[in-house]
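Note that the sequence shown ends on residue 885 in our numbering; no numbers are left out.
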Amino acid sequence: MTPCNAELMGKFLRGLLEHFRLPSSHRSGLLCGFCLGNRPLGRMASRTSSAEDARAGLSVRTAAACSVFAAGLVLWAPASASQAAQPITTERSATKSTQSSNAQLADPKIDERVDRLLGQMTLEEKIGQLVQYNDTGDSPAAGGEQGSGDRNNQGVIVAINPVTANHINSQQLAATGRLGSMLNTIGAERTNMYQHLAVDKSRLHIPLLFGADVIHGFRTIYPVPLGLASSWDPQLVVDLSRMSAEEASTAGVRWFYSPMVDISRDPRWGRTTEGAGEDTYLGVAMARAYIQGYQGDDLSQPGHVAASIKHFAAYGAAEAGREYNTTDMSEITLKQIYLPPYKAAVEAGAATVMSAFNSLNGVPSSANPYLLRKTLRDDWGFNGFVVSDYTSIMELINHGIALDPATATLKAVMAGVDVDMMSHFYDTQLPGLIRSGQVPMSVVDEAVRGVLRVKFATGLFERPYANGPEVTAAVPAHRPLVRKAAEESLVLLQNENLAGGQPLLPLSAARKKIALIGPLADDAREMTGAWGGAGADHDVVTVRQALEERSKQLGGALVYAKGTEIESTSEAGFGAAVDAARDADVAIVALGEAGTMSGEAGSRAYLDLPGNQQQLLEAVVATGKPVVLLVFSGRPLVLDWAEKHVPAMIEAWFPGTEAGHAIANVLYGDVSPSGKLPMSFPRAVGQEPLYYNQFPTGRPATGIDLSQPPGGDTRFFSRYIDVPNNALFPFGYGLSYSNFAYGDVKVSKNSIDLKQALRAGTAPLVEATATVTNTGNRAATEVVQCYVRNLGASIEQPVRSLKGFERVTLAPGESRQVRFRLSFNELSFYNIDSVPTMEATRYTVWIGGSSLADQAATFNVVSSAAAR
Ligand code: BGC
Numbered sequence: 018m019t020p021c022n023a024e025l026m027g028k029f030l031r032g033l034l035e036h037f038r039l040p041s042s043h044r045s046g047l048l049c050g051f052c053l054g055n056r057p058l059g060r061m062a063s064r065t066s067s068a069e070d071a072r073a074g075l076s077v078r079t080a081a082a083c084s085v086f087a088a089g090l091v092l093w094a095p096a097s098a099s100q101a102a103q104p105i106t107t108e109r110s111a112t113k114s115t116q117s118s119n120a121q122l123a124d125p126k127i128d129e130r131v132d133r134l135l136g137q138m139t140l141e142e143k144i145g146q147l148v149q150y151n152d153t154g155d156s157p158a159a160g161g162e163q164g165s166g167d168r169n170n171q172g173v174i175v176a177i178n179p180v181t182a183n184h185i186n187s188q189q190l191a192a193t194g195r196l197g198s199m200l201n202t203i204g205a206e207r208t209n210m211y212q213h214l215a216v217d218k219s220r221l222h223i224p225l226l227f228g229a230d231v232i233h234g235f236r237t238i239y240p241v242p243l244g245l246a247s248s249w250d251p252q253l254v255v256d257l258s259r260m261s262a263e264e265a266s267t268a269g270v271r272w273f274y275s276p277m278v279d280i281s282r283d284p285r286w287g288r289t290t291e292g293a294g295e296d297t298y299l300g301v302a303m304a305r306a307y308i309q310g311y312q313g314d315d316l317s318q319p320g321h322v323a324a325s326i327k328h329f330a331a332y333g334a335a336e337a338g339r340e341y342n343t344t345d346m347s348e349i350t351l352k353q354i355y356l357p358p359y360k361a362a363v364e365a366g367a368a369t370v371m372s373a374f375n376s377l378n379g380v381p382s383s384a385n386p387y388l389l390r391k392t393l394r395d396d397w398g399f400n401g402f403v404v405s406d407y408t409s410i411m412e413l414i415n416h417g418i419a420l421d422p423a424t425a426t427l428k429a430v431m432a433g434v435d436v437d438m439m440s441h442f443y444d445t446q447l448p449g450l451i452r453s454g455q456v457p458m459s460v461v462d463e464a465v466r467g468v469l470r471v472k473f474a475t476g477l478f479e480r481p482y483a484n485g486p487e488v489t490a491a492v493p494a495h496r497p498l499v500r501k502a503a504e505e506s507l508v509l510l511q512n513e514n515l516a517g518g519q520p521l522l523p524l525s526a527a528r529k530k531i532a533l534i535g536p537l538a539d540d541a542r543e544m545t546g547a548w549g550g551a552g553a554d555h556d557v558v559t560v561r562q563a564l565e566e567r568s569k570q571l572g573g574a575l576v577y578a579k580g581t582e583i584e585s586t587s588e589a590g591f592g593a594a595v596d597a598a599r600d601a602d603v604a605i606v607a608l609g610e611a612g613t614m615s616g617e618a619g620s621r622a623y624l625d626l627p628g629n630q631q632q633l634l635e636a637v638v639a640t641g642k643p644v645v646l647l648v649f650s651g652r653p654l655v656l657d658w659a660e661k662h663v664p665a666m667i668e669a670w671f672p673g674t675e676a677g678h679a680i681a682n683v684l685y686g687d688v689s690p691s692g693k694l695p696m697s698f699p700r701a702v703g704q705e706p707l708y709y710n711q712f713p714t715g716r717p718a719t720g721i722d723l724s725q726p727p728g729g730d731t732r733f734f735s736r737y738i739d740v741p742n743n744a745l746f747p748f749g750y751g752l753s754y755s756n757f758a759y760g761d762v763k764v765s766k767n768s769i770d771l772k773q774a775l776r777a778g779t780a781p782l783v784e785a786t787a788t789v790t791n792t793g794n795r796a797a798t799e800v801v802q803c804y805v806r807n808l809g810a811s812i813e814q815p816v817r818s819l820k821g822f823e824r825v826t827l828a829p830g831e832s833r834q835v836r837f838r839l840s841f842n843e844l845s846f847y848n849i850d851s852v853p854t855m856e857a858t859r860y861t862v863w864i865g866g867s868s869l870a871d872q873a874a875t876f877n878v879v880s881s882a883a884a885r
C-alpha cells in the first residue's frame, strides 16, 4: 500500500472507530495490517474521555504527504451556475405513483440481465447480495473479548460491532459470493483487492458495491451540509456533489450514504449538522441538488455515484434531540413537514434509501411497512433498494419488537429492508425463515433484484474497479469551488457601527494590528467538522494561516494567542490572549465546538460555547477593543451574551478545506457575506424545538413586550415568563455588507377559483412579485425569500412557510423585480384525511430578506359558487 493509501485507510479506519464503535479492546491498539506494519492507526475516543484526549488519539491523521498525486489534476468543472432556485414540487397527490422513480433502473434491458443472473443464483448467493460488512482486515475480524453489553439477556449477540463479535471474514465472504456490498472500505488498492476476490473468485463474478459516508466532500472538503444550506444555492450543491463523486470514485467508492435529508428543528440533535435544517422547502431544494450532483442523468457514467437518502424517516424529530431516540408525530406533520425532502430525492431518481434507527409512532423505521412499502414503493414508485442503517435490524430487539434475530429479520425483510448493514442477521436467519416458509422466496428475489439493478445501472459489471488515477489529496483545481462554497455558507449575524459610524466589518486596512484568539483559529482538523470524508489536516487552510498571509500583504502584524482549548477549565492562556487584544486594533476571536460535538451521537443538552470559551470571550471584550467573533459549530448555539456585547459576529459552521481563505475574503470584504440561516438560533435551550413555521395558538403574545416578566394582563398568553418567544437570530436571517430594500410586493390575482386550483396540477395559480434594490454602496448578493400563510382552512396552518427563494446579485443602486410562481404544490396543505388539498381560504404572501419579511400582499381562494 502506498503512503497515500495508508493515510486514506487510516482516516477511514478512524472513522470506523469513531462511528462504528469497535469494542473497547480494539480501541487503543488497532494495527493496520495493510502496509503500516505495527504502527497504530488510531484509537477510538472513549465515550467518557475528554475531547482533548480524543483529538490526541486521532492525531495520526497527518502521517503521509500525498499531495503530488493530485497536483494539477482537474477532474471536473462546475456547470454554469443558475442562481435561481428551481421550482419545488412537493406532494402532488395522495394517489399511487404509477411511475418508477428511476427510469434507468426500470430499463427492461437491465431487468433481463437481472433475471438471467438471478436464475443462476443459489439461495446462499442471493442472500449474499443482501449482506453488507466493512473491511475486516486481512484476517477474520478478531472476536476479542465481547463486551458485557454484547449479548442481551436472551444470550443473543447484540454487539455494537457484530463483525468482530462474530469473527466475520469479509474477504472470504467476497470470494465465495456471500457478500454484496461493503461500507467505508475505500482506497483503490483496498477496494480493488476486494473486487478481485468477488469478480475473479466467486462463482458468478458479481461485483461488490462500495458505499461510504462521503457527506461533504471526499478529499477536498466543503462546508458541512447545514453550512451549505446557508448558501441557499442548490446549483452550488449540484456542483460540489459532482466534484466529490468524481474524487471518491477514483478510490473505488460508487455509492454515497448521502444526502441526509432529515428535517431538524432541534439543534440539541447533533445530526442537524448533516442536513439542510428546519425548513421543508429549502430541504427539498437541497435534497434534489445532491441527487442531481451525485447521480447526474446517467448512473453508469464514470465519476457518478449512487446516492442513499437517509435516514428514512423523520429521524430528525428524535425526542428532546437525543440521538437514536423515538419520534412521534401526526400523519399530517409527517407528510407536510418531514417527508417531502425524501420524496423529492426519490423523484429525482435516488438509487437507494437508508432506513433509520428511530421508531416512528411506535414502529421502528427498519421494520416499518407503512414507510418502506406503502409510502416509498407504492405511493412514490421507488424502484431502487433499501439498506438498513448500521445494525438497525439487530436493534429491533432492543426496540422490543422482536425477541430474537429470526423475528427481527422477518420483520425487517417483510417491511422492505433489502440489505442488512452489519447486523449479521440476514445471512444467519434468512435461510431458516425461507425453509420454514415464513419469508417467501419472492421477497428475497425482489430484494436481490433491487441490488442487482443498481449494480447493473451503475455500470459496475463493466467497470468494477476504482476509476483511477486515484485522488489522494485535496485537488488544487477544486479549491476555488470549495472556497466559494465556504464563502457562501458564512452568515453575518451582527455588524454594528463603531464610533465614527462605520461598521466593524469589512475590516478597514487601517486596522493593522490584529489579535487572533481562540481554540478554533488554527485547528485544521476541526475545520472539516463531523464526517470530514478522507480530508487530510495538512490540506486545510486555517484562519491563522490565511490571516497571516493577508496581514503580510497589507504590511500589518498579527499576534496569535489560543487562549484556551475547546473544552477546558484552565485559564492559563487567558493572560496572553487579553494582552494580545489590548495591543491590537481589532481582536478576531474564533470559538465554538469541536467537529465531534455534532454529527452522529453528538447530542447536547447545553448549546452554549463549550468549556470556558465564554469566559475567554468576556475577558477579551473587557479590553474595550473591537471584537469580531467567528463561531464554528455544527448547529445553532445560544449566543445571547455575544449578541449584546460583541459588535461583529459570523456563523462559520465548519467550512472545510478552504476555511481560512474564505473567512479572510469575507473579513476583508473581497466577498460580501450572503449566507442566511437554515435554522433558528435560540435565546435559550428551553425554547427548543424552536422553528419559524410553528402553528398559531389561541393566545398569541402579539404586541406584548416579552422581554419583561409577565404581570397582570400580560401573563395568560403563549409565552415564557423568563425569555422572549422569538429566536435570537431567526430562520432566513443573515446580513450583508450592503443593504437591500424591498418594495412593491404584489400578487397577480386577488382571487383564484378553487375548482380550477384543484385541477391545475403544477401550473402556476398566482405570481407574487417584489422589487428588491441594493441601497448600499457595493455589489452584493441577497437571498430573496417568499413566505406564505393560509388562513381559514379546516386544519390550522403554520404562521408562515417558505415557498420560494432566489439568490439575486445587484450592483449598488440596482433594482430587480423578483417573481415567485405559486402553484398547488406551494399553496396546498394536508387535510384531516392526510390528502393534499386547497380550500376556500385567504393567503398572505410576504417577500423579503428573512422569515421576518414584513411586506405583504393577499389573495383569496374562492369556491365557484362565491365567484359567480
Ligand atoms: C449512521 C449512518 C451512516 C452509517 C454507515 C450509521 O451509524 O447513522 O448515517 O451512513 O452509520 O456509516
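For every residue, glycine included, the Cβ atom is placed at its ideal position computed from N, Cα and C. Fair warning: this is a prediction, and the values are worked out from it, not measured in the lab.
**Prompt:** Any heavy atom of the ligand BGC closer than 7 Å to the Cβ of L200?
**Reply:** Yes, Cβ of L200 sits closer than 7 Å to a heavy atom of the ligand BGC.
**Item:** Boundaries of the beta strand (DSSP E) in which E668 is found, first to last residue
**Value:** Per DSSP, E668 belongs to the beta strand (DSSP E) from 665-668.
**Message:** Run through the DSSP bridge pairs and tell me what K763 is partnered with.
**Reply:** Answer by DSSP bridge pairing, in chain order: T786.
**Prompt:** Beta carbon of E412: closer than 7 Å to some heavy atom of the ligand BGC?
**Reply:** At a cut-off of 7 Å, the beta-carbon of E412 does not count as near the ligand BGC: no heavy atom of the ligand is closer than that.
**Message:** On the CB-based measure, 16 or more other CB atoms within 10 Å of its CB, does G866 come out buried or exposed?
**Reply:** Counting every other CB atom within 10 Å of its CB across the protein chains shown gives G866 a total of 16 or more, marking it as buried.
**Message:** Going by the DSSP bridge assignment, what does K327 pair with across the sheet?
**Reply:** DSSP output for K327 lists M277 as bridge partner(s).
**Prompt:** F671 by DSSP, collapsed to three states: which one?
**Reply:** The answer is coil: DSSP assigns F671 none of H, G, I, E or B.
**Message:** Please classify H43 as buried or exposed, where buried requires at least 16 other C-beta atoms within 10 Å of its C-beta.
**Reply:** Because H43 carries a pLDDT of 30, less than 50, the predicted location of this residue cannot be relied on, and the following value inherits that uncertainty. Burial is judged here by how many other beta carbons sit within 10 angstroms of a residue's own beta carbon; H43 has at least 16 and is buried.
**Message:** Assuming contact is defined by CB atoms lying nearer than 8 Å, are A361 and M346 in contact in what I supplied?
**Reply:** Going by C-beta atoms, A361 is not nearer than 8 Å to M346.
**Asked** Roughly how many whole angstroms lie between the Cα atoms of P520 and A597?
**Response** C-alpha separation (whole angstroms): 22 Å.
**Request:** Could you check how far apart the C-beta atoms of P747 and S697 are, in whole angstroms? I think they sit under 8 Å.
**Result:** That belief holds up - the Cβ atoms of P747 and S697 are roughly 6 Å apart, short of 8 Å.
**Prompt:** Should the region 231-250 be called in touch with the region 178-194, which here means at least 3 C-beta pairs below 8 Å?
**Reply:** Result no; under three Cβ-Cβ pairs closer than 8 Å.
**Minimum length 4: unbroken alpha helix (DSSP H) runs contained in the region 452-515** = 458-474, 496-506, all fully within the region 452-515.
**Message:** So, with DSSP's three-state summary, where would you put R542?
**Reply:** Here R542 sits in helix by DSSP.
**C-alpha gap between R195 and E584, whole angstroms** = Spanning the two alpha carbons is a distance of roughly 46 Å.
**Request:** Could you check the C-alpha separation between G729 and H328 for me, to the nearest Å?
**Result:** Their backbone Cα atoms lie some 47 Å apart in a straight line.
**Item:** Reduced DSSP secondary structure (H/G/I, E/B, other) of N842
**Value:** Correct three-state label for N842: helix.
**Item:** S45 versus L571 - alpha carbon distance
**Value:** Any reading at S45 needs caution, since the residue's pLDDT is 27, under 50, leaving its predicted position unreliable; the model's value is listed next. Computed Cα separation, rounded: 47 Å.
**Prompt:** If we count the other Cβ atoms within 10 Å of its Cβ and call it buried at 16 or more, is E24 buried or exposed?
**Reply:** No answer about E24 holds up, because its pLDDT of 41 lies below 50 and its placement is not dependable.
**Request:** Give the DSSP bridge partners of V576, in chain order.
**Result:** According to DSSP, which records beta bridges pairwise, V576 is partnered with A532.
**Item:** Assumed close pair T861, V878 - CB separation to whole angstroms, cut-off 8 Å
**Value:** 12 Å between Cβ atoms; not a contact.
**Item:** Stretch-stretch touch, CB-based, cutoff 8 Å, three pairs: the region 533-545 with the region 608-623
**Value:** Contact between the region 533-545 and the region 608-623 is present, because at least three Cβ pairs lie under 8 Å.
**Prompt:** F374: which of D406, G692, L253 sits nearest, CA to CA?
**Reply:** Cα-wise, what sits closest to F374 is D406.
**Item:** Classification of R466 by the beta-carbon crowding that lies within 10 angstroms, buried from 16 upward
**Value:** Result: buried.
**Prompt:** So is E513 buried or exposed if we call it buried at 16+ other beta carbons inside 10 Å?
**Reply:** Exposed, by the Cβ-count rule.
**Prompt:** Among L510, V322, M458, which residue has its Cα nearest to the Cα of L140?
**Reply:** Comparing Cα-Cα distances from L140 to each of L510, V322, M458, the minimum goes to M458.
**Request:** Please classify G27: is it buried, with 16 or more other beta-carbons within 10 angstroms of its beta-carbon, or exposed?
**Result:** Because the pLDDT at G27 is just 43, under 50, the model does not fix this residue reliably, and the value given afterwards should be weighed accordingly. So G27 counts as buried.
**Request:** Please name the residue in Y804, V557, V688, G449 whose C-alpha comes closest to that of E505.
**Result:** Ranking the options by Cα distance to E505, first place goes to V688.
**Unbroken alpha helix (DSSP H) run spanning N682, endpoints** = For N682, the uninterrupted alpha helix (DSSP H) run begins and ends at 676-684, by DSSP.
**Asked** Which residues in the same chain have their Cβ closer than 7 Å to the Cβ of T202, if we skip the five residues on either side of it in sequence?
**Response** Once the five neighbours on either side are set aside, the close Cβ partners of T202 are N151, D152, T208, Y211, F227.
**Request:** Mind checking who D770 pairs with in its DSSP beta bridge?
**Result:** Its beta-bridge partners are V879.
**Prompt:** Which residues mark the beginning and the end of the beta strand (DSSP E) in which L646 is found?
**Reply:** From DSSP, the beta strand (DSSP E) with L646 extends over 644-649.
**Asked** Is the distance from the Cβ of A676 to the Cβ of V557 below 8 Å?
**Response** Yes, these two residues count as a Cβ contact at 8 Å.
**Distance, G535 Cα to V644 Cα** = As the crow flies, the alpha-carbon of V644 is around 12 Å from that of G535.
**Prompt:** Secondary structure at V77, three-state DSSP: helix, strand or coil?
**Reply:** Low confidence applies here, because V77 scores a pLDDT of 25, under 50, leaving its location unreliable; read the following figure in that light. In the structure shown, V77 sits in a helix (DSSP, three-state: H, G or I).
**Request:** Tell me whether G485 is buried or exposed, calling it buried when 16 or more other Cβ atoms sit within 10 Å of its Cβ.
**Result:** By the neighbour-count rule (16 or more Cβ atoms within 10 Å), G485 is not buried but exposed.
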